[in-house]
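Taken in sequence, the protein lines are chains A and B. Last residue of the first sequence? That's 317 in my numbering, and every number before it is there in order. Last residue of the second sequence? That's 317 in my numbering, and every number before it is there in order. Accompanying notes for the structure given below.
2 protein chains.
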Amino acid sequence: MAGAHSAATLLGPGDDAAVVAAPDGKTVISIDTQVEDQDFRLRWSNGYRTTGFDVGWKAAAQNLSDINAMGATATSMVVSLTLPPDTPVSWVEGVADGLTAGIKELGADSCSVAGGDLGRGREISVTVAVVGTLHGGEAVLRSGARPGDILALAGTAGYAAAGLALLESPVNVELLTPEQRVFLDLQCRPRPPLAAGPAAREAGATAMLDVSDGLLRDGRRMAVASNVGIDLDPGHLARLAAVLRPAAELLGMDAAGWVLGGGEDHGLLATFPPGFQLPAGFTAIGSVQALGIDEGPGVMIAGRSADTGGWDHFAH
Amino acid sequence: MAGAHSAATLLGPGDDAAVVAAPDGKTVISIDTQVEDQDFRLRWSNGYRTTGFDVGWKAAAQNLSDINAMGATATSMVVSLTLPPDTPVSWVEGVADGLTAGIKELGADSCSVAGGDLGRGREISVTVAVVGTLHGGEAVLRSGARPGDILALAGTAGYAAAGLALLESPVNVELLTPEQRVFLDLQCRPRPPLAAGPAAREAGATAMLDVSDGLLRDGRRMAVASNVGIDLDPGHLARLAAVLRPAAELLGMDAAGWVLGGGEDHGLLATFPPGFQLPAGFTAIGSVQALGIDEGPGVMIAGRSADTGGWDHFAH
Chain A
2 MAGAHSAATL LGPGDDAAVV AAPDGKTVIS IDTQVEDQDF RLRWSNGYRT TGFDVGWKAA
62 AQNLSDINAM GATATSMVVS LTLPPDTPVS WVEGVADGLT AGIKELGADS CSVAGGDLGR
122 GREISVTVAV VGTLHGGEAV LRSGARPGDI LALAGTAGYA AAGLALLESP VNVELLTPEQ
182 RVFLDLQCRP RPPLAAGPAA REAGATAMLD VSDGLLRDGR RMAVASNVGI DLDPGHLARL
242 AAVLRPAAEL LGMDAAGWVL GGGEDHGLLA TFPPGFQLPA GFTAIGSVQA LGIDEGPGVM
302 IAGRSADTGG WDHFAH
Chain B
2 MAGAHSAATL LGPGDDAAVV AAPDGKTVIS IDTQVEDQDF RLRWSNGYRT TGFDVGWKAA
62 AQNLSDINAM GATATSMVVS LTLPPDTPVS WVEGVADGLT AGIKELGADS CSVAGGDLGR
122 GREISVTVAV VGTLHGGEAV LRSGARPGDI LALAGTAGYA AAGLALLESP VNVELLTPEQ
182 RVFLDLQCRP RPPLAAGPAA REAGATAMLD VSDGLLRDGR RMAVASNVGI DLDPGHLARL
242 AAVLRPAAEL LGMDAAGWVL GGGEDHGLLA TFPPGFQLPA GFTAIGSVQA LGIDEGPGVM
302 IAGRSADTGG WDHFAH
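Structure (structure tokens):
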């Protein structure tokens with residue numbers, strides 16, 4: 002794979018393994034795979050054709066987001082590509098270019114592609130493993146949210162879901178307005194807020210994860226890991242939904258559902274102790290609640306369980 | 002993924018990323034994928050059915066071998082599984098068990114599975130990324146071989162190729178003798194010599210790689226990276242081939258071809274300065290030669306280029 006080495010990559014491609022600096026004596030590591038027809042289609046209903054560049058960018062973004070969600074900074078990636086024999090060379094080069102461009106444009110300056118592996122298969126599959134550094138700090142886990150904490154979001158919510166709905170719609174991609182097109186672009190090339198993760202760790206975030214499956218599902222994960230209630234503020238949710246109106250009105254779909262159920266924006270959901278100044282990029286969207294007797298961990302909207310239709314008043 | 006954590010895994014599965022110790026301030030990293038019908042068949046010509054355990058073991062072994070080839074010790078793995086929806090649960094559990102068993106039985110005591118990712122696809126695909134430590138030492142590269150060095154091999158050569166030939170033959174797996182079966186088992190569950198890599202580094206190996214594509218191809222990689230000639234001793238090659246006779250005679254095939262062209266045993270090819278004591282597990286199989294004028298880097302057998310039929314006298 003191409004790309005100049007970052008300072009963290011001590012030994013790049015060409016040997017059986019790469020060597021990456023870990024100056025504080027520990028390494029954060031994650032892995033993620035995208036598969037054709039599961040995570041992307043080469044051609045969508047609306048006529049959009051996914052490029053190799055898109056897939057490379059998204060692979061970079063998804064993996065960088067996992068490192069970001071720990072409060073860490075990515076230092077290196079290794080990539081394994083599985084390709085059908087008839088894959089055009091230009092498409093494969095696009096993957097490499099998209100990886101490099103995603104790393105650069107998302108601001109992961111310390112990161113580079115240190116090595117890779119190439120093989121054949123019946124379908125396109127791209128797996129990236131990424132390592133990163135906590136700069137001597139401690140990882141921010143899902144399990145640290147405490148009652149009374151502020152719940153905050155960095156990055157967008159529902160953009161990628163709106164973009165997916167546009168891709169799967171019959172509305173020709175060429176007819177989208179720039180305001181609609183931005184959602185499609187975000188689905189194909191997510192923009193996780195990479196400065197926000199380390200900033201949240203330094204600011205004293207008590208819990209954090211990246212929103213890859215939607216506020217409800219990922220909020221529930223944090224609630225379960227921390228054994229608390231996660232209460233979303235309907236006013237903030239409504240503001241997040243309002244931004245999606247250009248796509249929702251075109252398709253006659255529910256923007257609230259995208260905000261609550263849509264992942265792949267790779268925003269960060271984090272909690273901070275009460276009274277703390279939120280770091281740049283974060284907006285308060287709710288709070289952490291103690292569990293009552295006989296109450297299990299979960300997500301609420303204005304105090305009503307979101308699992309049992311409690312957000313209907315917001316969604317409609 | 003299951004498995005108790007090793008001491009090196011500071012944070013295991015459950016968050017967006019794992020955290021692994023890197024006490025000497027650097028991490029060795031590699032990635033490798035196995036795909037159904039490319040790297041294994043669920044059912045072979047000879048009737049053998051590949052188990053999830055086999056695939057998990059092989060994924061562990063291949064990746065551990067890449068770390069071994071740098072002279073490093075594996076500390077952690079992350080795993081991404083892509084599975085068709087109809088994959089039996091027992092098969093998937095077998096993958097997890099095979100990974101854990103491979104790590105343990107191959108002696109990678111410092112390593113555990115720290116996290117993973119699970120997705121759908123049309124074909125089974127297993128990607129593992131592995132990190133490791135050099136214990137404060139320097140990685141052994143492919144490029145360090147010097148004229149006059151001893152060329153040495155640790156581990157078997159040609160076993161996996163003989164095993165593949167047995168799997169692809171019409172000879173029913175149930176009819177194999179124990180002496181023949183050992184090759185098939187090695188193809189399905191490779192046994193890279195994991196103590197040998199760090200031992201070679203400590204003993205002063207000048208160059209090293211793992212033999213994943215055969216002595217000729219991997220020897221050529223070392224020759225090119227080091228800009229030298231790699232000269233194999235025909236007497237040693239004959240001894241390696243003789244061990245494969247139980248399979249070669251059954252199939253009427255050429256054991257010498259397996260020794261020279263067969264990979265997947267994941268032995269180590271390393272070079273040591275002249276007069277050095279070879280570490281345990283290594284056997285001298287040749288030497289490193291200076292290039293003459295107008296001579297390019299490559300592999301020779303008894304001084305004759307192996308690329309141009311120079312080993313015919315050995316093969317026949």
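Virtual Cβ for every residue (Gly too), placed ideally from N, Cα, C. Remember, predicted model here, so these are calculated numbers, not experimental data.
Looking at the C-beta of residue i, does it have a partner C-beta in chain A at a distance below 9 Å?
i: B:Gln-39; result: yes
i: B:Ser-77; result: yes
i: B:Thr-28; result: yes
i: B:Gly-15; result: yes
i: B:Ala-140; result: yes
i: B:Thr-74; result: no
i: B:Leu-11; result: yes
i: B:Asp-118; result: yes
i: B:Ala-18; result: yes
i: B:His-317; result: Because the pLDDT of B:His-317 is 38, which lies under 50, any placement of that residue in the model is unreliable, and the number read from its coordinates should be weighed accordingly. No, its Cβ sits nowhere closer than 9 Å to a Cβ of chain A.
i: B:Val-183; result: no
So, are the CB atoms of residue i and residue j less than 9 Å apart?
i: B:Gly-133; j: B:Ala-73; result: yes
i: A:Leu-238; j: A:Val-260; result: yes
i: A:Leu-84; j: A:Ile-30; result: no
i: A:Leu-210; j: A:Leu-269; result: yes
i: B:Ala-62; j: B:Ile-68; result: no
i: B:Val-229; j: B:Pro-298; result: yes
i: B:Pro-199; j: B:Ala-291; result: no
i: B:Thr-28; j: A:Val-21; result: yes
i: A:Phe-277; j: A:Gly-205; result: yes
Have a look at the DSSP bridge pairing and note the partners of residue i.
i: B:Ile-319; result: Because chain B is modelled from 2 through 317, residue 319 of chain B falls outside the range shown and cannot be assessed.
i: B:Leu-119; result: B:Leu-82
i: A:Asp-232; result: A:Ser-288, A:Met-301
i: B:Asp-33; result: B:Val-129
i: A:Ala-19; result: B:Ile-30
i: B:Pro-14; result: B:Asp-16
i: A:Leu-154; result: A:Leu-270, A:Thr-284
i: B:Arg-190; result: The partner list for B:Arg-190 (beta bridge, DSSP) is empty, contrary to what the question assumes.
i: B:Phe-41; result: B:Glu-37
i: B:Val-244; result: DSSP, once it has assigned bridges, lists no residue as partnering B:Val-244.
Go through its chain and collect everything with a Cβ distance to residue i's Cβ below 7 Å, but skip five positions before and after it.
i: A:Gly-310; result: No answer about A:Gly-310 holds up, because its pLDDT of 42 lies below 50 and its placement is not dependable.
i: B:Met-254; result: Ala-166
i: B:Gly-137; result: Asp-25
i: B:Arg-44; result: Arg-50
i: B:Leu-217; result: Leu-261, Gly-262, Val-300, Ala-307
i: B:Met-223; result: Arg-143, Ala-146, Ala-208, Leu-210, Ile-231, Leu-270
i: A:Gly-304; result: Asp-232
i: B:Asp-118; result: Ser-81
i: A:Arg-202; result: Gly-72, Gly-138, Val-141
Could you tell me whether any Cβ in chain B is nearer than 9 Å to the Cβ of residue i?
i: A:Pro-24; result: yes
i: A:Ile-32; result: yes
i: A:Leu-70; result: The amino acid occupying residue 70 of chain A in the given sequence is Ala; Leu does not appear at that position. Cβ-Cβ to chain B under 9 Å: yes for A:Ala-70.
i: A:Asp-214; result: no
i: A:Ala-226; result: yes
i: A:Ala-115; result: yes
i: A:Thr-83; result: yes
i: A:Ser-66; result: yes
i: A:Val-36; result: yes
i: A:Val-80; result: yes
i: A:Gly-4; result: Legend: pLDDT at A:Gly-4 = 47, less than 50; position of this residue unreliable, no value from coordinates given.
i: A:Val-21; result: yes
Between residue i and the rest of its own chain, which residues show a CB-CB distance below 6 Å, the 5 nearest in sequence each way excluded?
i: A:Thr-272; result: Ala-146, Asp-150, Leu-152, Thr-207, Ala-208, Val-289
i: A:Gly-103; result: Trp-58, Ala-61, Ala-62
i: B:Gly-116; result: Pro-14, Ala-19, Val-79
i: B:Leu-11; result: Val-20, Ala-22
Whose C-beta lies closer than 8 Å to the C-beta of residue i among residues of the same chain, with five residues either side of it excluded?
i: A:Arg-246; result: Ala-256
i: B:Asp-17; result: none
i: B:Leu-107; result: Ala-61, Ala-62, Leu-65, Arg-192, Pro-193, Leu-195
i: A:Asp-110; result: Ser-7
i: B:Thr-284; result: Ala-153, Leu-154, Ala-155, His-237
i: A:Pro-171; result: Ser-46, Asn-47
For the region 142-174 of chain B, which residues have a beta carbon sitting closer than 7 Å to at least one beta carbon of chain A?
Leu-142, Arg-143
Quick one: which residues of the region 230-262 of chain A get their C-beta closer than 9 Å to a C-beta of chain B? List them in chain order.
none
Contact set between the region 120-134 of chain A and chain B, restricted to residues whose Cβ is under 9 Å from the partner
Gly-120, Arg-121, Gly-122, Arg-123, Glu-124, Ser-126, Thr-128, Val-129, Ala-130, Val-131, Val-132, Gly-133
Proximal residues, the region 259-292 of chain A versus chain D, C-beta separation under 7 Å:
No chain D is present in this structure, whose protein chains are A and B.
Interface positions of the region 196-220 of chain B facing chain A (Cβ-Cβ less than 9 Å), listed along the chain:
Met-209, Leu-210, Asp-211, Ser-213
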